[in-house]
Amino acid sequence: GGNFRPGIVHRLDKDTSGLLIVAKTNACHLRLAEMLKAREIERIYLALLSGKLPQTRGRISGPIGRHPRQRTSMAIVESGKQAVTDFRVLRYFRRHTLVEVRLQTGRTHQIRVHFSHMGRPVAGDIVYGPRDQKKNYAGHMLHARTLRFMHPFLEREISVTAEPPREFLDLLRQLNGDLAQ
Numbered sequence: 017g018g019n020f021r022p023g024i025v026h027r028l029d030k031d032t033s034g035l036l037i038v039a040k041t042n043a044c045h046l047r048l049a050e051m052l053k054a055r056e057i058e059r060i061y062l063a064l065l066s067g068k069l070p071q072t073r074g075r076i077s078g079p080i081g082r083h084p085r086q087r088t089s090m091a092i093v094e095s096g097k098q099a100v101t102d103f104r105v106l107r108y109f110r111r112h113t114l115v116e117v118r119l120q121t122g123r124t125h126q127i128r129v130h131f132s133h134m135g136r137p138v139a140g141d142i143v144y145g146p147r148d149q150k151k152n153y154a155g156h157m158l159h160a161r162t163l164r165f166m167h168p169f170l171e172r173e174i175s176v177t178a179e180p181p182r183e184f185l186d187l188l189r190q191l192n193g194d195l196a197q
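According to the numbering used here, the sequence shown is numbered sequentially starting from 17.
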């Protein structure tokens with residue numbers, strides 16, 4: 017009953033699967049938004065990248081802002097907001113790399129922009145990768161897998177994990193992949 021208005025604390029890009037935090041109360045929403053800004057919420061993604069990353073782990077740091085010509089997309093631009101993405105390789109395939117990604121900041125399209133800038137776009141991403149690849153993928157292969165944070169009022173750790181959707185797992189199997197390795 018009543019005027020229950022949950023608050024979405026952060027967003028996922030269109031076509032990104034996975035977890036999203038929704039607060040039940042305004043007080044909780046406010047506190048979670050502060051925690052997100054203070055980088056107290058750990059967000060871990062799985063991304064399947066086109067091509068092979070040369071390093072097995074690393075940090076991508078580059079300011080992200082509106083693309084100077086394509087105003088609907090983002091890019092690494094000097095005037096952008098600082099963005100930091102940490103990654104480690106989980107598995108190499110013949111023409112792809114499966115990575116675990118930890119966001120240190122939360123800019124629009126951050127993971128997609130950072131890996132595209134490295135020449136290894138998220139597989140299936142027609143905005144930041146090759147336009148002609150749409151037929152090979154069910155959207156872009158990016159999944160918000162884990163969220164971890166201290167509950168703002170209960171003072172206990174909340175850790176939630178969601179497995180990728182079937183299309184993502186089917187593609188990994190097609191690539192002869194196994195997440196356990």
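A virtual CB, placed ideally from N, CA and C, is assigned to each residue, including glycine.
Residue span of the alpha helix (DSSP H) that contains residue i, given as start and end
i: L52; result: N42 to K53
i: L185; result: R182 to Q190
In DSSP terms, what residue i is bridged to
i: E58; result: R164
i: I174; result: F165
i: V38; result: I24
i: H156; result: According to DSSP, H156 bridges with nothing at all.
Beta-carbon contacts of residue i that lie in its chain and below 7 angstroms, excluding the five residues immediately before and after
i: L191; result: F109 and H112
i: D194; result: With a pLDDT of only 43 at D194, under 50, the local geometry of the prediction cannot be trusted, and the value read off the model is given with reservation. Counting only Cβ-Cβ distances below 7 angstroms, and skipping sequence neighbours, we find nothing.
i: I92; result: G78, P79, I80, V129 and H133
i: F165; result: M51, E56, I57, E58 and I174
i: A39; result: P22, G23, V25, H45 and L48
Residue i burial status per 10 Å Cβ neighbour count (16 or more: buried)
i: V25; result: buried
i: P84; result: exposed
i: G135; result: exposed
i: T101; result: buried
i: S66; result: buried
i: A160; result: buried
Endpoints, the beta strand (DSSP E) within which residue i is located
i: F103; result: V100 to Y108
Nonlocal neighbours in the same chain, by C-beta distance under 6 angstroms from residue i, ignoring five residues either side
i: G95; result: The identity of residue 95 in the sequence shown is Ser, whereas the question assumes Gly. For S95, where only same-chain residues beyond five positions count, the Cβ hits under 6 angstroms are G81.
i: T162; result: I60 and T177
i: T72; result: V105
Same chain, Cβ closer than 8 angstroms to residue i, neighbours up to 5 away in sequence not counted
i: I127; result: Y61, A63, T101, V117, L119, V138 and L158
Subject >> Complete runs of the beta strand (DSSP E) confined to the segment 64–99 [at least 3 residues] >> reply: Secondary structure remark: continuous beta strand (DSSP E) runs of at least 3 residues inside the segment 64–99, in chain order: 73–77, 80–82 and 90–92.
Subject >> Inside the segment 103–154 only - beta strand (DSSP E) runs reaching at least 3 residues >> reply: Uninterrupted beta strand (DSSP E) stretches at least 3 residues long and entirely within the segment 103–154 occur at 112–119, given in chain order.
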